[in-house]
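Asks: For reference, the structure I am asking about is given below.
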Amino acid sequence: GAVVSQHPSRVICKSGTSVKIECRSLDFQATTMFWYRQFPKQSLMLMATSNEGSKATYEQGVEKDKFLINHASLTLSTLTVTSAHPEDSSFYICSARVGGGNEKLFFGSGTQLSVL
Amino acid sequence: QKEVEQDPGPLSVPEGAIVSLNCTYSNSAFQYFMWYRQYSRKGPELLMYTYSSGNKEDGRFTAQVDKSSKYISLFIRDSQPSDSATYLCAMSPDSKLTFGKGITLSVRP
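Line order of the protein sequences matches chains H and V. Here the working numbering is used: the first residue of the first sequence is 1, the next is one more, and so on. Here the working numbering is used: the first residue of the second sequence is 1, the next is one more, and so on.
Here it is, written out as structure tokens:
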């Protein structure tokens with residue numbers, strides 16, 4: 001299947017700093033990428049849908065000014081957690097879709113964010 | 001009531017056992033159903049994808065969908081220690097997926 005690369009895999013930062021997470025589709029172009037958050041023993045919660053060249057669509061309850069999403073090219077989407085706080089500590093996962101269809105959705109390996 | 005309910009487990013079985021994993025849902029608009037496998041601190045990988053009621057088989061895995069009961073299942077035959085992982089069901093009416101919480105399966109050698 002297609003490969004989605006997510007970086008970094010783990011980041012530890014101080015409270016108040018900003019953290020950028022990158023999601024790249026390595027062998028295909030992704031017009032749409034999705035960002036999820038997963039707390040321990042919880043399901044993946046969709047945070048936002050990222051569309052190349054346009055503003056991201058955020059799910060209800062997700063602060064768009066805190067979680068900045070940029071999808072500047074067909075192979076790269078970034079999520080920036082601004083002014084991170086301990087409650088933002090979580091596992092963040094991106095996914096990218098190859099064309100249409102849910103069976104063509106591929107996930108990155110995730111980023112574990114720990115805010116001290 | 002949550003849109004997707006999945007028994008959180010955990011589940012431990014001996015090698016060779018048949019495993020049955022289940023999810024129920026409440027949204028009648030769901031028409032695409034998926035099962036993902038997720039290893040610890042990794043992204044999910046797609047195991048099975050169905051969009052209609054009935055069974056779909058792929059090797060040792062069988063996915064079953066009963067839309068009238070709003071119930072889906074994943075069966076794993078001849079389970080192996082390498083099957084030990086967290087299994088998540090997911091479903092959607094279109095392109096936006098709703099996931100279950102996942103169940104952690106451990107297959108004992």
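Virtual Cβ for every residue (Gly too), placed ideally from N, Cα, C.
Use the C-beta contact count for V:Leu21: other C-beta atoms within 10 angstroms, 16 or more gives buried, fewer gives exposed.
Replies: Under this definition V:Leu21 is a buried residue.
Asks: Along chain H, in chain order, which residues have C-beta atoms closer than 8 Å to that of V:Lys101?
Replies: What V:Lys101 touches in chain H: Lys41, Gln42, Ser43.
Asks: Quick check: is the beta carbon of V:Pro81 nearer than 8 Å to any beta carbon in chain H?
Replies: So, not an interface residue.
Asks: Mind checking who H:Asn51 pairs with in its DSSP beta bridge?
Replies: Paired residue(s): H:Thr32.
Asks: Given a limit of 9 Å on CB to CB distance, which residues of the stretch 19–32 of chain H reach chain V?
Replies: Those would be Thr32, in chain order.
Asks: With 8 Å as the limit, tell me which residues of the stretch 7–20 of chain V have their beta carbon closer than that to any beta carbon of chain H; keep them in chain order.
Replies: Per Cβ criterion, the list reads Pro8.
Asks: So H:Thr57 and H:Leu68 are in contact, right, with Cβ under 8 Å, and what is the actual spacing, rounded?
Replies: Not confirmed; about 14 Å, so no contact.
Asks: For V:Lys96, name the three-state secondary structure that DSSP assigns.
Replies: Note: V:Lys96 maps to coil in three-state DSSP.
Asks: Cutting at 7 Å between CB atoms, please list the residues of its own chain near V:Asp58, excluding the five before and the five after it.
Replies: Excluding residues within five positions, the ones whose Cβ falls inside 7 Å are Met48.
Asks: For V:Gly54, would you say it is in contact with chain H, using Cβ-to-Cβ distances shorter than 8 Å as the test?
Replies: No, V:Gly54 does not count as interfacial toward chain H.
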